[in-house]
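Protein chains in written order, with this note's numbering: chain A, 158 to 273; chain B, 18 to 127.
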Amino acid sequence: DAMVIQNPRYQVTQFGKPVTLSCSQTLNHNVMYWYQQKSSQAPKLLFHYYDKDFNNEADTPDNFQSRRPNTSFCFLDIRSPGLGDAAMYLCATSRLHSGSGGETQYFGPGTRLLVL
Amino acid sequence: ILNVEQSPQSLHVQEGDSTNFTCSFPSSNFYALHWYRWETAKSPEALFVMTLNGDEKKKGRISATLNTKEGYSYLYIKGSQPEDSATYLCAFWGTYKYIFGTGTRLKVLA
């Protein structure tokens with residue numbers, strides 16, 4: 158089945174040690190999103206790619222970077238994870254950019270990051 | 018500050034009961050309101066995309082209504098089943114902003 162895949166499902170890293178989370182999609186969608194969800198909070202959009210165009214949310218810390226080498230893959234890099242970066246990280250795709258808000262987003266199952 | 022609020026935070030219902038919950042969002046600069054169901058250990062699944070004031074959408078036993086003028090949406094589940102147990106998230110798409118609520122956690126007791 159076409160889907161959004163995130164690996165690994167659980168990731169443990171050390172304080173300050175760079176970590177990369179992966180997302181791949183078989184939907185051939187143009188847009189890929191990364192969200193951060195901390196415990197009991199709403200998922201928060203970090204950034205998104207529309208094709209190769211990178212769009213950062215204004216309040217996303219510089220510690221968070223992203224790469225999209227091709228249509229199918231998108232990576233979230235956390236350069237120096239702090240304890241406050243422990244969260245669920247969700248990847249999503251949509252066929253087109255939700256400029257009008259009408260595009261359904263398709264989510265992966267998330268990667269739960271633990272920072273020791 | 019744009020805020021999306023969902024209530025209640027959590028609820029337990031008996032199998033067969035009908036239930037509903039609310040999503041409140043800014044009434045200005047509205048583009049769309051999305052509802053998702055998120056079962057534990059699975060991916061959030063889109064239920065509805067609602068764009069027009071007065072929209073009513075239905076999928077099986079689940080339906081939703083939208084009032085953009087007053088900034089709220091209701092999600093209804095008729096005859097709840099244990100498999101309906103999940104977190105139900107709404108997300109507001111405004112001018113260049115996509116904001117999620119914190120969700121309503123539903124537990125349906127057999």
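Each residue gets a CB set at the ideal place from its N, CA and C atoms; glycine is no exception.
| Query | Result |
| --- | --- |
| Alpha-carbon spacing of residue 97 (chain B) relative to residue 226 (chain A), whole angstroms | 44 Å |
| Cβ of residue 261 (chain A) within 8 Å of any chain B Cβ | yes |
| Endpoints, the beta strand (DSSP E) within which residue 58 (chain B) is located | Unbroken run through residue 58 (chain B): none, as it is neither H nor E. |
| Proximal chain B residues relative to residue 165 (chain A), where beta-carbon distance stays under 9 Å | None at all; the shortest Cβ gap to chain B is about 14 Å. |
| Any C-beta of chain A under 8 Å from that of residue 25 (chain B) | no |
| Cutoff 8 Å: residue 199 (chain A) Cβ touching any chain B Cβ | yes |
| Beta-carbon neighbours of residue 202 (chain A), restricted to chain B and to distances below 9 Å | 114, 115, 116 and 117 |
| CB contact flag (residue 91 (chain B), residue 82 (chain B), <8 Å) | yes |
| Residue from B:109, B:110 and B:105 whose Cα sits closest to the Cα of residue 36 (chain B) | B:105 |
| Proximity of residue 244 (chain A) and residue 190 (chain A) at Cβ, strictly below 8 Å | no |
| Cβ-based neighbour list, residue 70 (chain B), same chain, cut-off 7 Å, excluding 5 preceding and 5 following | 83, 84, 85 and 86 |
| Simplified DSSP state of residue 100 (chain B), which is helix, strand or coil | helix |
| Residue 66 (chain B) and residue 199 (chain A) closer than 8 Å at C-beta | no |
| Opening and closing residue of the beta strand (DSSP E) in which residue 184 (chain A) lies | Premise fails: residue 184 (chain A) is in no beta strand (DSSP E) and is neither H nor E. |
| Contacts that residue 59 (chain B) makes with chain A (C-beta to C-beta distance below 7 Å) | 266 |
| Sequence-distant residues of the same chain with beta carbon closer than 8 Å to residue 6 (chain B), five excluded per side | For residue 6 (chain B) there is no data in the structure shown, the boundaries of chain B being 18 and 127. |
| Residue-level contact to chain B via CB, residue 161 (chain A), 8 Å cutoff | yes |
| Residue 63 (chain B) vs residue 262 (chain A) beta-carbon contact at 8 Å | yes |
| Local Cβ density within 10 Å of residue 211 (chain A), reported as buried at 16 or more and exposed below that | exposed |
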